[in-house]
Amino acid sequence: MKTAIRHRSALLALVLGLGAALAHAAPKVGEPAPAFSAVDSNGRSVKLTDFAGRTVVLEWTNHGCPYVQKWYQGGMQALQKASTGKGAVWLTVLSSAPGTQGHVDGPTANLMMKEQGAAPTHYLLDPEGRVGRAYGAQVTPHMYVIAPDGRLAYAGGIDSIASADVDDIAKAEPLARLAIDAVLAGRPVAKAQTRPYGCSVKYAN
Amino acid sequence: MPPHITAFFRPLLVTLLSLLPSLAPAAESAPSTTPRATVSLLSASDALAPGQTVELGLHFRFQPGWHIYWMNPGDAGQAPRIEVFAPAGSTVGDLRWPAPERHVDGPITTFVHQGDVLLPFPLTLPATLSGPTTLSVKASWLVCKDICIPEEGVFRLELPAGAAVPGSDAPLFEAARAAAPVRTDWQVSVDAAGQLTLRGAGAGALRSADFFPADWGRIEHGAAQTLTVEGDVARIALVPGAEFDAARPLEGVLRATGADGVERALWLSTADQPVTRLPVVTLAAGDALPPSGVPAPLAQSPATGETGGLWPLLFAFAGGLLLNLMPCVFPVLAIKALSFARAGGGESSRVRQQSLAYCAGVVLSFVALAGLLLALRAAGSQAGWGFQFQSPVFVAAMATLLFAIGLNLSGVFDVGGRLASAGSGLAERGGLAGSFFTGVLAVVVATPCTAPFMGGAIAAALSAPAIVTVGIFVALGLGMALPYLLLAFFPALARRMPKPGAWMERLKQALAFPMYGAAAWLVWVLSQQSGADGVLHVLVALLLVALAAWLAGSAQRGAPRACLWRAAAVLTLVVAALAVGRTPAPQPVAAASADGTYSPQRLADLRASGKPVFVNMTAAWCVTCLMNEKVALSTAEVQAAFAARGIVYLKGDWTRADPDITAFLQSHGRDGVPLYVYYPAGGQPVLLPQILTPGVVLAHLEPQP
Numbered sequence: 001m002k003t004a005i006r007h008r009s010a011l012l013a014l015v016l017g018l019g020a021a022l023a024h025a026a027p028k029v030g031e032p033a034p035a036f037s038a039v040d041s042n043g044r045s046v047k048l049t050d051f052a053g054r055t056v057v058l059e060w061t062n063h064g065c066p067y068v069q070k071w072y073q074g075g076m077q078a079l080q081k082a083s084t085g086k087g088a089v090w091l092t093v094l095s096s097a098p099g100t101q102g103h104v105d106g107p108t109a110n111l112m113m114k115e116q117g118a119a120p121t122h123y124l125l126d127p128e129g130r131v132g133r134a135y136g137a138q139v140t141p142h143m144y145v146i147a148p149d150g151r152l153a154y155a156g157g158i159d160s161i162a163s164a165d166v167d168d169i170a171k172a173e174p175l176a177r178l179a180i181d182a183v184l185a186g187r188p189v190a191k192a193q194t195r196p197y198g199c200s201v202k203y204a205n
Numbered sequence: 001m002p003p004h005i006t007a008f009f010r011p012l013l014v015t016l017l018s019l020l021p022s023l024a025p026a027a028e029s030a031p032s033t034t035p036r037a038t039v040s041l042l043s044a045s046d047a048l049a050p051g052q053t054v055e056l057g058l059h060f061r062f063q064p065g066w067h068i069y070w071m072n073p074g075d076a077g078q079a080p081r082i083e084v085f086a087p088a089g090s091t092v093g094d095l096r097w098p099a100p101e102r103h104v105d106g107p108i109t110t111f112v113h114q115g116d117v118l119l120p121f122p123l124t125l126p127a128t129l130s131g132p133t134t135l136s137v138k139a140s141w142l143v144c145k146d147i148c149i150p151e152e153g154v155f156r157l158e159l160p161a162g163a164a165v166p167g168s169d170a171p172l173f174e175a176a177r178a179a180a181p182v183r184t185d186w187q188v189s190v191d192a193a194g195q196l197t198l199r200g201a202g203a204g205a206l207r208s209a210d211f212f213p214a215d216w217g218r219i220e221h222g223a224a225q226t227l228t229v230e231g232d233v234a235r236i237a238l239v240p241g242a243e244f245d246a247a248r249p250l251e252g253v254l255r256a257t258g259a260d261g262v263e264r265a266l267w268l269s270t271a272d273q274p275v276t277r278l279p280v281v282t283l284a285a286g287d288a289l290p291p292s293g294v295p296a297p298l299a300q301s302p303a304t305g306e307t308g309g310l311w312p313l314l315f316a317f318a319g320g321l322l323l324n325l326m327p328c329v330f331p332v333l334a335i336k337a338l339s340f341a342r343a344g345g346g347e348s349s350r351v352r353q354q355s356l357a358y359c360a361g362v363v364l365s366f367v368a369l370a371g372l373l374l375a376l377r378a379a380g381s382q383a384g385w386g387f388q389f390q391s392p393v394f395v396a397a398m399a400t401l402l403f404a405i406g407l408n409l410s411g412v413f414d415v416g417g418r419l420a421s422a423g424s425g426l427a428e429r430g431g432l433a434g435s436f437f438t439g440v441l442a443v444v445v446a447t448p449c450t451a452p453f454m455g456g457a458i459a460a461a462l463s464a465p466a467i468v469t470v471g472i473f474v475a476l477g478l479g480m481a482l483p484y485l486l487l488a489f490f491p492a493l494a495r496r497m498p499k500p501g502a503w504m505e506r507l508k509q510a511l512a513f514p515m516y517g518a519a520a521w522l523v524w525v526l527s528q529q530s531g532a533d534g535v536l537h538v539l540v541a542l543l544l545v546a547l548a549a550w551l552a553g554s555a556q557r558g559a560p561r562a563c564l565w566r567a568a569a570v571l572t573l574v575v576a577a578l579a580v581g582r583t584p585a586p587q588p589v590a591a592a593s594a595d596g597t598y599s600p601q602r603l604a605d606l607r608a609s610g611k612p613v614f615v616n617m618t619a620a621w622c623v624t625c626l627m628n629e630k631v632a633l634s635t636a637e638v639q640a641a642f643a644a645r646g647i648v649y650l651k652g653d654w655t656r657a658d659p660d661i662t663a664f665l666q667s668h669g670r671d672g673v674p675l676y677v678y679y680p681a682g683g684q685p686v687l688l689p690q691i692l693t694p695g696v697v698l699a700h701l702e703p704q705p
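This is how it looks when you write it as structure tokens:
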């Protein structure tokens with residue numbers, strides 16, 4: 001039923017010529033995840049298709065954002081290690097445009113990761129916001145999980161309590177962790193589309 | 001206290017005490033001020049009656065571009081949260097949100113409040129209530145412009161018992177009520193495609209409509225909305241969002257322009273029953289905020305570890321004690337030493353009286369400073385310790401005053417006569433009044449040096465109610481006056497004071513030179529603030545003061561027609577005062593992008609790039625800061641250590657008020673310079689003491705890799 005509604009709404013949007021809706025054409029959960037390629041912090045080109053058949057986690061970041069800082073006091077690093085340890089690919093994506101908060105170059109990103117003990121598979125540099133816009137990433141941290149079949153299995157918040165207070169992590173429902181674990185175990189994700197919270201992604205205007 | 005002392009101080013005390021109530025406005029809390037916003041708690045009525053429902057409100061005044069978020073923040077952001085501490089049995093209602101504004105930033109659309117915003121909410125008091133009531137509110141909000149900063153504030157309102165008459169802020173609440181979204185009597189429905197249909201009188205006359213959903217994700221926040229009208233029906237095509245469900249109620253605010261071209265905010269709901277949401281305003285357990293509930297500074301220095309109970313007072317006392325050892329107090333020590341020498345000749349009871357007078361001078365000056373701080377705080381100014389030395393007029397006046405004291409010590413003119421136009425005369429006057437004003441002067445000159453422990457005490461004072469602030473400043477004053485008091489009450493020490501004699505005059509003349517030195521230093525400070533024009537102003541003023549002193553001295557030495565000489569002296573002084581009063585305002589600070597200059601962005605960038613950073617917050621008027629730079633930071637030893645570890649040295653100059661530096665100081669629980677913070681690569685920031693030696697600095701740097 002929900003899918004039907006979405007199809008009809010998409011049709012309506014097209015019929016009415018609501019071009020603006022295309023700017024918000026975030027991929028829907030259950031549909032194929034948009035393909036992308038980007039350069040990582042070591043200068044290597046990374047494509048989504050490189051990881052066909054594996055579980056891929058996308059994490060939008062901006063080290064200046066208090067909500068990201070809340071999670072980089074240990075929580076994000078632990079989730080990265082736990083997920084990659086179980087076979088997932090973790091891609092941290094930085095879509096801050098040059099001159100905006102959080103924008104760094106590859107070497108700086110590597111230094112920062114070392115300093116923080118972060119352990120993503122790749123740290124993708126997306127200064128033009130192409131990957132971010134393709135996924136409709138709105139906030140940092142915005143989380144996506146792509147199932148081994150290439151379909152988007154989760155889009156939304158890192159957890160259920162929208163705050164910048166690190167003490168809330170323990171009280172919140174760990175939405176992203178639950179989704180990652182479910183996809184890794186081949187189970188359906190109970191809450192596949194949730195509310196992301198955080199700072200706006202600092203796209204180029 | 002002997003009766004004649006009481007008689008002398010009573011008028012002063014009465015005056016100061018009468019000022020206190022006006023420092024704590026009845027219906028507005030002390031504001032929380034950051035470079036982004038000024039926030040305070042208001043009450044619509046100036047008094048509280050049992051069982052009454054009173055309208056409270058958080059009043060935000062934002063700097064341009066900064067905003068907070070509506071109940072549904074949109075694609076990013078977060079709505080504020082408010083926790084109310086009220087007498088047991090009270091109940092609160094939720095916020096009566098004003099209509100939001102749409103904020104589009106590329107592909108991200110948020111719903112925000114900016115400019116001047118009141119967020120009102122009702123509080124119903126229990127039927128049993130007596131006496132004045134203290135209401136505390138703890139609020140947290142996310143304020144954003146290009147970047148987002150979570151902020152927190154604690155606000156206290158003390159309201160007397162009485163009839164619930166509208167207070168002075170009632171018009172603000174009235175205006176908020178008038179602008180609040182109005183519930184329509186239109187029939188509202190939404191279909192599965194996300195089309196919102198409004199039926200009713202006037203709906204067909206809508207010219208434009210912008211719908212803000214009350215709940216997140218029900219529609220695409222940033223998608224275009226298309227309005228079509230037909231008869232008495234308006235249809236708005238919305239794009240369903242991630243949480244869209246036509247079977248659930250859709251509610252929100254419609255900014256709509258009718259046939260008259262006027263935009264109104266309407267509240268639309270497809271539900272017959274009110275929809276319940278998680279409240280933004282909650283009642284806290286307990287009726288008062290515990291002292292430890294005061295938000296702790298981001299980084300704790302040992303001095304600010306405790307903010308509750310007696311600790312701020314103890315720290316303030318210790319800080320005051322240490323102030324005696326600060327270089328800033330040095331010029332005044334000259335006067336104090338002189339007073340000691342004089343007092344030493346008298347009887348011990350006289351010494352005691354004088355020390356009490358000095359103590360009173362110090363303490364009352366601190367009370368006056370507390371009053372000033374409270375007044376500035378109330379005015380929304382970012383008052384910090386040393387604040388007054390950021391005013392060029394104040395610096396020029398102090399330079400002139402110290403120069404005049406020097407002239408007096410040099411013997412150009414005598415005081416005790418009628419020329420009591422300046423504090424110098426007062427400070428140098430013998431007897432109790434002289435001791436009293438010596439105490440006043442000691443406080444004024446000590447201001448820019450923040451002794452260790454003081455930062456925490458003042459930070460607590462800034463966030464505390466008026467009466468606690470006054471208490472802290474009294475403790476500071478007592479600490480500063482204690483050594484003098486001890487000497488007076490332990491005659492064994494006092495008797496070691498030298499006997500009066502001819503040496504006193506020579507000593508007095510010698511002491512003029514520290515005064516000239518201090519004046520010269522202040523002229524240099526002014527040159528940093530107001531440039532060459534400022535220096536010209538103050539030099540002209542000094543010249544005129546010297547002329548006035550010579551004229552007055554001539555009259556005192558029996559020149560014929562003394563009254564003419566005196567009149568000329570007074571006239572010259574008036575011109576000097578005018579010159580001081582017209583000291584040019586600070587020049588705008590040059591863009592702070594130069595290498596080695598502190599800016600929050602620069603610090604963040606350096607930290608992000610993994611470089612260790614040493615931050616030095618200083619000001620030209622802070623002698624402690626300059627001494628530390630001279631004896632520790634600029635030594636070859638320390639410089640070599642910085643270079644070996646790749647430490648980037650950032651310096652923030654607070655000579656002129658700089659909101660970024662004020663914010664940095666406050667984030668470390670301080671309200672004055674010096675402040676030294678070392679950020680190791682990837683480690684927690686380390687606060688250094690306020691008095692540095694090369695050894696102290698090296699001990700705080702991590703071992704060389």
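Going line by line, the protein sequences match chains Y and X. Taking the working numbering, the leading residue of the first sequence gets 1, the next gets one more, and so forth. Taking the working numbering, the leading residue of the second sequence gets 1, the next gets one more, and so forth. The beta carbon of each residue, even a glycine, is placed where N, CA and C say it ideally should be. Given the structure is predicted, the values throughout are model-derived calculations rather than measurements.
Below 8 Å on C-beta distance, what does residue i contact in chain Y?
i, result
"residue 105 (chain X)", "200, 203, 205"
"residue 217 (chain X)", "195"
"residue 94 (chain X)", "What residue 94 (chain X) touches in chain Y: nothing, since even the nearest Cβ is about 17 Å away."
"residue 604 (chain X)", "64"
So with CB distances below 7 Å, who are the chain Y contacts of residue i?
i, result
"residue 148 (chain X)", "65, 66, 199"
"residue 682 (chain X)", "115"
"residue 242 (chain X)", "193"
Specify, as a first and last residue, the run of the alpha helix (DSSP H) that residue i falls within.
i, result
"residue 564 (chain X)", "562 to 581"
"residue 700 (chain X)", "694 to 700"
"residue 660 (chain X)", "659 to 667"
"residue 108 (chain Y)", "106 to 116"
Kindly list, in the order they appear in chain X, the residues whose Cβ is closer than 7 Å to that of residue i.
i, result
"residue 112 (chain Y)", "608, 610"
"residue 179 (chain Y)", "The premise fails here: residue 179 (chain Y) is roughly 14 Å from chain X at the closest Cβ pair, so nothing lies under 7 Å."
"residue 108 (chain Y)", "608, 609"
"residue 92 (chain Y)", "Correct list: empty, because the minimum Cβ distance to chain X is about 14 Å."
What in chain Y is Cβ-close to residue i, meaning under 9 Å?
i, result
"residue 66 (chain X)", "Ordered by position in chain Y, no residue passes the 9 Å Cβ test against residue 66 (chain X), which lies about 14 Å from the chain."
"residue 78 (chain X)", "67, 162, 163, 164, 197, 198"
Run through the DSSP bridge pairs and tell me what residue i is partnered with.
i, result
"residue 653 (chain X)", "X:618"
"residue 140 (chain X)", "X:81, X:152"
"residue 199 (chain Y)", "Y:140"
"residue 123 (chain Y)", "Y:92"
"residue 67 (chain X)", "X:114, X:144"
"residue 267 (chain X)", "X:183, X:253"
Starting from residue i, trace the beta strand (DSSP E) in both directions and tell me its first and last residue.
i, result
"residue 174 (chain X)", "Note, residue 174 (chain X): premise wrong, no beta strand (DSSP E); alpha helix (DSSP H) at 170 to 179."
"residue 209 (chain X)", "208 to 213"
"residue 39 (chain Y)", "37 to 40"
"residue 410 (chain X)", "Careful: residue 410 (chain X) lies outside any beta strand (DSSP E), inside the alpha helix (DSSP H) at 392 to 410."
Output, in chain order, the set of chain X residues within a Cβ distance shorter than 8 Å of residue i.
i, result
"residue 133 (chain Y)", "107"
Name the chain X residues that come within less than 9 Å of residue i, Cβ to Cβ?
i, result
"residue 139 (chain Y)", "75, 76, 77, 108"
Inset, instruction - May I ask you to verify whether the region 44 to 56 of chain X touches the region 119 to 127 of chain X, counting CB pairs closer than 8 Å and requiring at least 3? - result: With a cut-off of 8 Å on Cβ pairs, the region 44 to 56 of chain X is in contact with the region 119 to 127 of chain X, counting three or more such pairs.
Inset, instruction - Ignoring anything shorter than 3 residues or poking outside the region 44 to 96 of chain Y, list the beta strand (DSSP E) runs there in chain order. - result: Counting only runs of 3 or more, we get 45 to 47, 56 to 61, 89 to 94.
Inset, instruction - At 3 residues or longer, and completely inside the region 593 to 639 of chain X: list those beta strand (DSSP E) runs for me, N to C. - result: List check, beta strand (DSSP E) in window: 613 to 618.
Legend entry - Three-pair Cβ contact test at 8 Å for the region 118 to 136 of chain Y versus the region 86 to 106 of chain Y: With a cut-off of 8 Å, the region 86 to 106 of chain Y and the region 118 to 136 of chain Y count as touching, because enough Cβ pairs lie within range.
Legend entry - Touch test, the region 120 to 127 of chain Y against the region 34 to 50 of chain Y, Cβ-Cβ under 8 Å, three pairs minimum: Contact annotation: the region 120 to 127 of chain Y touches the region 34 to 50 of chain Y, with at least three C-beta pairs closer than 8 Å.
Inset, instruction - Kindly confirm or deny that the region 552 to 566 of chain X and the region 432 to 441 of chain X touch, where touching means at least three C-beta pairs closer than 8 Å. - result: No: fewer than three Cβ pairs fall under 8 Å.
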